[in-house]
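>
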Amino acid sequence: MTRSVLITGGNRGIGLATARAFAAQGDKVTVTYRSGEPPEGLHGVRCDVTDPESVRSAVEEARIQHGPIQVLVSNAGITRDELLVGMADEDFRAVIETNFLGAVSVAKQVVPDMIKARWGRLIFMSSMSGMAGAPGQTNYAASKAALIGFTRSLAREVGRRKITANVVSPGLIETDMVKDVTDARREHVLAQTSLGRPGTAEEVAGAVRFLASDDASYVTAAIIPVTGGLGVGH
Ligand code: NDP
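This note's numbering numbers the first residue of the sequence shown as 8 and each following residue consecutively.
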């Protein structure tokens, strides 16, 4: 089945790998990009998830190009790491506004069409930090934990319409986002990772694709860890 898929932050990293995975199986994919150029070979729409008007028009453009959104991968995210005592209020807010409120804003725009269609797949990109916590990430962990409560509540609201809502919770994944992580922090995390290595964006994309597939039709309100075994028990 070919579906209309929207992926936020789909111009690089995990979002881009996920977009390529859906496109490879024949889905009609729209990615949002905030800066730079859209990725080659994919339909791109400019969008800043912190701006509700930008979200509304991006969803509308995707709808015009590929039809109502059937699969949402809410992936756009940022970090602004700092210990709480030294963190600027603005950095705390920016992370909540992008990672959490941005995801809420996109979901609000796509859910009405899913309700009408009586089918949909909502997938939110959280993080192991949201469950286990991480030093320097009070803002980021709070934003990612908020996504979990949000997703589980939304799953209850829309489940009767055959719409599932799930969370993917990656561990350390090799993308631009982690290129400034110190060697000491990286070693500390990898030491707690059963597989002893970071993951790839493609490995996260595999879990997302599963959640959007018919094989996952009875999976909702779940948190799927893609962590190589980091944070077992969370
Ligand atoms: P990248 O930094 O490589 O990509 C982040 C993406 O989000 C970019 O496309 C970026 O767009 C987009 N983005 C950021 N802010 C906004 C905004 N306001 N509006 C629209 N788009 C925005 O990160 P990853 O691929 O690693 O991360 C993807 C998701 O996975 C994030 O939610 C992240 O928190 C999560 N994650 C990542 C982990 C990792 O180890 N890499 C671990 C756990 C979770 P632009 O190019 O314009 O900046």
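Even glycine gets a Cβ: it sits at the ideal position worked out from N, Cα and C.
Can you grab the Cα-Cα spacing for the pair Pro232 / Ser42, in whole Å?
Cα to Cα, Pro232 sits roughly 29 Å from Ser42.
> What do you get for His305, buried or exposed, if any count of 16 or more other CB atoms within 10 angstroms of its CB means buried?
There is no way to answer for residue 305, as the model of the chain reaches only from 8 to 241.
> Would you call the segment 72–85 in contact with the segment 11–25, where contact means no fewer than 3 C-beta pairs closer than 8 Å?
Yes: at least three Cβ pairs fall under 8 Å.
> Any heavy atom of the ligand NDP closer than 8 Å to the beta-carbon of Gly84?
Correct: Gly84 has its Cβ closer than 8 Å to the ligand NDP.
> Tell me where the beta strand (DSSP E) around Met3 begins and ends.
Absent from the model: residue 3. The displayed extent of the chain is 8 to 241, so no value can be given.
> Report the residue from Ile180, Phe99, Val92 whose alpha carbon sits nearest the alpha carbon of Asn146.
The shortest Cα separation from Asn146 among Ile180, Phe99, Val92 belongs to Phe99.
> Comparing the CB of Met66 with every heavy atom of the ligand NDP, is any distance shorter than 8 Å?
Strictly speaking, residue 66 in this sequence is Val, with Met absent from that position. Val66 Cβ: outside cutoff for every heavy atom of the ligand NDP.
> Closest to Thr227 by CA distance: which of Arg163, Pro142, Leu179, Ala191 is it?
Ranking the options by Cα distance to Thr227, first place goes to Arg163.
> Note down the Cα distance separating Gly238 from Ser133, rounded to an integer number of angstroms.
For Gly238 and Ser133, the distance between alpha carbons rounds to 14 Å.
> Assign Ser224 to one of two classes, buried (16 or more other C-beta atoms within 10 Å of its C-beta) or exposed (fewer than that).
Ser224 should be labelled exposed.
> Leaving out five residues on either side along the sequence, give the residues of the same chain with a beta carbon under 7 Å from the beta carbon of Met184.
If we look at Met184 and ignore the five residues flanking it on each side, its Cβ neighbours are Gly20, Thr86.
> Relative to the C-alpha of Ser176, which residue among Thr234, Ser64, Val38 is closest?
Selected option, being the one with the closest Cα: Thr234.
> Leaving out the 5 sequence neighbours to the left and right, which residues in its chain are closer than 7 Å to Ala214 when beta-carbon positions are compared?
Only Val175, Ile231, Val233 meet the Cβ criterion.
> Could you check whether Ala172 and Ile103 sit closer than 9 Å to each other, using their CB atoms as the reference points?
Their beta carbons are not under 9 Å apart, which means Ile103 does not touch Ala172 by this criterion.
> Please name the residue in Ala30, Val38, Ala219, Ala198 whose C-alpha comes closest to that of Val113.
Nearest C-alpha to Val113: Val38.
> Determine which residues share a DSSP beta bridge with Tyr40 and list them.
Paired residue(s): Arg53.
> Using three-state DSSP, classify Lys35 as helix, strand or coil.
Lys35 falls in the strand class under three-state DSSP.
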